[in-house]
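Worksheet: the structure to be examined is printed underneath.
In full-length UniProt numbering, the protein residues as written are 1 to 628.
Below, the structure is given as structure tokens:
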């Protein structure tokens, strides 16, 4: 099975992962496949049952709301990692490591959309195909044929054997055949008559080379141990345990435990020294290492008894290690481990500054991306932001802990048009920081128009018209446009700066009715809708304002305004705001009623008459809403 083989050998030799694994059920099957190119496809997957014509779309990744059994942080980290194909050897190794986790955690696989349960099929044999849906079409993933029926059990490993003796025996076993999609194992151990406990690493992935055997280090030769192993498959199942294997206690070793005299750190290397052993019964000094003093240490080297030192070049800087020694006699029996010594390797060489930093503006966030660093002891990245162009001035650290992936989304309130400056610093596991990356600069993309201004009815003063308007706060307001139209004259547009809220129109003709609107424009060129038009004229007013009344519409869904129409005139309706300023609700009307659907029982109204010659009456006295 290509899929199973590739997952099991993900660390040994990354390769293309293809095929579909199937676990039959009485009315369908559980299907499992891998991500093409180690990335979620843009359009997810499509599962087709070829003999029935059934086609099912499968989102990749699944939405977090699907109840996947993951925390929000787990979901975000998983989906971010597989959002794009790996771009470097380090990313490919990181992806291979995570692929092993995905292989044994069904919740991870379901979140990525590569584990799907197919139900509702009739008894019999069916064929399914899976294809990835990309921007350029479909890419085949694999085909599988299965027969519905009882779900087969997962076999346990067979022929469990042990080689070597305490303190570090090696376990081997025969795995179930490839039909059962086994990807990993759990190894359990019991000391003497005690209970079985799960050993680490758990799960254990067998691979070609040294990884094909499970080594259990740090055991006592005087204790008997029992082992058993279970299988784990691609569908999250664990088999029954294998038949137990007993490792009998041995005789007591004939040599004493040696002690480490000195442990020194040179960069990322740890030098251990001890007094050479002259006892002829000692055939080797066993060097043990671990990170947890409560768990068995692992054997990392065996050196001749006459040598009094060992250089450990395989440490990860920044990781606290624990070392001890044991002596092995000529019968192969090891002494108890000697006293523990704690050492932390340090890499004082700064990482390289992150390269390729870019920023993609959006409407509500600025997204940073950069090329992943290649240092093996890299802990992560720190992201800094400032509002000034001078590096380091007013700089803010945006990441409380180093980021594990080379990207960051800086969410910014929509409408904020501050131009931000970013730089990224790499940090290794010894807390040594790199020089900062090159600085990138960006502001949000602004497609949001400003709020519509509110234009008040003009006032007549000395043969000209005075206009006023209100504008909600707009951080990036650039200017206003005031537009005037009148019958028989060319439209006039005046541009006014952002601080202006009044305008005197001195180019007016007495007796002419003018219509005014105002618009606001922001720094990005976004334009608001025009305000509600208002009417105005200068000259003698010979019209009397209409007399009106207002009542609630049925079910209080607004207010109906009524008035007595005057021959040869039209009527404009205004509603008074809370500050007493009238707001025009209608164009000049020929009828004698107007329905204000936004009106309330507390609303107040005014009316104004417009003659055919363009004369305007004063505004009527304000009137309230009366009973129904």
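C-beta atoms are modelled at their ideal positions from N, C-alpha and C, and glycine is treated no differently.
query                                                                                                : result
Nearest-angstrom Cα separation, counted from residue 105 out to residue 65                           : 18 Å
Uninterrupted alpha helix (DSSP H) stretches inside the segment 523-590 (no shorter than 4 residues) : none
At least 3 beta-carbon pairs within less than 8 Å: the segment 477-487 vs the segment 522-536        : yes
Delimiting residues of the beta strand (DSSP E) encompassing residue 161                             : 158-163
Cβ contact (3+ pairs, closer than 8 Å) linking the segment 177-191 and the segment 226-243           : yes
Three-state secondary structure (DSSP) of residue 186                                                : strand
As assigned by DSSP and simplified to three states, the class of residue 348                         : coil
Beta-carbon proximity of residue 672 to residue 191, cut-off 9 Å                                     : There is simply no residue 672 to check, as the chain begins at 1 and stops at 628 in what is shown.
Selected residue, minimal CA-CA separation from residue 153, among 86, 241 and 340                   : 241
Three-state class that DSSP yields for residue 106 in the structure shown                            : helix
Residue 146 - partner residues in DSSP beta bridges                                                  : 126
Which of helix, strand or coil DSSP assigns to residue 91                                            : helix
Within 9 Å, strictly: CB atoms of residue 162 and residue 247                                        : yes
Environment of residue 209 [buried if 16+ CB atoms lie within 10 Å]                                  : For residue 209, the pLDDT reaches just 45, beneath the cut-off of 50, and the residue's location in the model is therefore unreliable, although a value from the coordinates is still provided. So residue 209 ends up on the exposed side.
Residue 53 - partner residues in DSSP beta bridges                                                   : Looking at the DSSP assignment, residue 53 forms no beta bridge with any residue, so it has no partner.
Of the listed residues 470, 591 and 487, nearest to residue 579 (C-alpha basis)                      : 470
Simplified DSSP state of residue 179, which is helix, strand or coil                                 : helix
Buried versus exposed, by CB contacts within 10 Å (16 or more), residue 428                          : buried
Which of helix, strand or coil DSSP assigns to residue 80                                            : helix
Environment of residue 447 [buried if 16+ CB atoms lie within 10 Å]                                  : exposed
Minimum Cβ-Cβ distance from residue 623 to chain D less than 9 Å                                     : Among the chains in the structure shown there is no chain D, since it carries only a single protein chain.
Proximity winner among 36, 557 and 626, relative to residue 140 (alpha-carbon distances)             : 36
Per DSSP, the bridge partner or partners of residue 495                                              : 481
Span of the beta strand (DSSP E) around residue 375                                                  : Looking at the DSSP string, residue 375 is not in any beta strand (DSSP E), and its letter there is neither H nor E.
Same chain only: Cβ atoms within 6 Å of residue 336, ignoring 5 sequence neighbours per side         : 257
Among 514, 32 and 116, the one whose alpha carbon lies nearest that of residue 538                   : 514
Exposure of residue 197, with buried meaning 16 or more beta-carbon neighbours within 10 Å           : exposed
Segment contact, 8 Å Cβ cut-off, at least three pairs: the segment 580-593 with the segment 453-463  : yes
Proximity winner among 410, 405, 499 and 28, relative to residue 127 (alpha-carbon distances)        : 28
Assigned secondary structure, residue 387 (DSSP; H/G/I helix, E/B strand, else coil)                 : coil
Residue burial classification, residue 421 (beta-carbon count within 10 angstroms, cutoff 16)        : buried
Exposure of residue 351, with buried meaning 16 or more beta-carbon neighbours within 10 Å           : buried
Given residue 121 as reference, the closest of 147, 136 and 109 once Cα atoms are compared           : 147
Member of 298, 577, 347 and 39 whose CA lies at the smallest distance from the CA of residue 434     : 347
For residue 41, the nearest candidate out of 62, 129 and 574 (CA to CA)                              : 62
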